[in-house]
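Asks: The opening position of the sequence shown corresponds to residue 23 in our numbering, with each subsequent residue numbered one higher. Think of the CB as a built atom: it goes at the ideal place given N, C-alpha and C, for glycine as much as any other residue. Provided herewith is a single structure, encoded as structure tokens, for subsequent inquiry.
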Amino acid sequence: MIKTSQFSIFKTSVGVISEQLLKDAIKALCKELTGASLTTVIQDFNGNNHNVLVGIKSSELPRGIGFNLDSNGNMVVIGDGYGSYGTWEKYSTLGQNYAKAFKVLQNVKNKNPHATARMQVREKAVEMEIAY
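Structure, rendered in structure tokens:
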């Protein structure tokens with residue numbers, strides 16, 4: 023059987039976000055994932071490196087998953103899930119959900135600078151509690 027790379031770039035529905043918001047969201051997500059670490063280089067199945075704005079690697083996803091912004095500021099998910107598709111899809115969904123939650127939090131803090139939030143991963147969902 024021939025193994026082939028499934029390197030893909032997916033545009034998300036998160037919408038336009040800043041580079042800093044994306045980095046902050048993925049950094050927060052990474053802290054919630056056991057054994058995960060941040061990276062700026064991911065690999066495809068063939069071992070080729072791909073630079074990303076921010077990414078996550080773990081023992082479950084050793085080649086990593088990346089998160090970038092397209093030319094319009096929309097979040098895109100990048101990577102090769104071959105052999106680890108379940109984890110890749112989970113991290114992709116959580117990354118998007120964290121970015122959405124951080125976008126909401128940013129809007130709340132623009133209206134109320136003293137607001138605080140607590141977020142937790144629940145399977146593929148992100149639970150956010152905001153206090154004023």
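Counting Cβ pairs, one atom from each stretch, are 3 or more of them under 8 Å apart for the region 120-128 and the region 37-55?
Replies: yes
Asks: Please name the residue or residues paired with Lys160 in a DSSP beta bridge.
Replies: Shown here, the chain extends from 23 to 154; a query on residue 160 therefore has no answer.
Asks: Can you tell me which residues form a DSSP beta bridge with Val130?
Replies: Residue pairing of Val130 in beta bridges, as defined by DSSP: absent, with no partner found.
Asks: How long is the line joining the alpha carbons of Ile100 and Gly88, rounded to whole angstroms?
Replies: 5 Å
Asks: Quick one: is Gln42 buried, meaning 16 or more other Cβ sit within 10 Å of its Cβ, or exposed?
Replies: exposed
Asks: Could you tell me which residues DSSP pairs with Phe89 in its beta bridges?
Replies: Val76, Val99
Asks: Shortest alpha-carbon distance to Glu82 belongs to which of Asn90, Ile152, Ala58?
Replies: Ala58
Asks: Buried or exposed for Tyr113, going by 16 or more other Cβ atoms inside 10 Å?
Replies: buried
Asks: Please list the terminal residues of the continuous beta strand (DSSP E) segment that includes Thr61.
Replies: 59-65
Asks: Would you mind working out which of Val126, Ala137, Leu91, Gly77 sits nearest Leu60, comparing C-alpha positions?
Replies: Of Val126, Ala137, Leu91, Gly77, the smallest CA-CA separation from Leu60 is found for Gly77.
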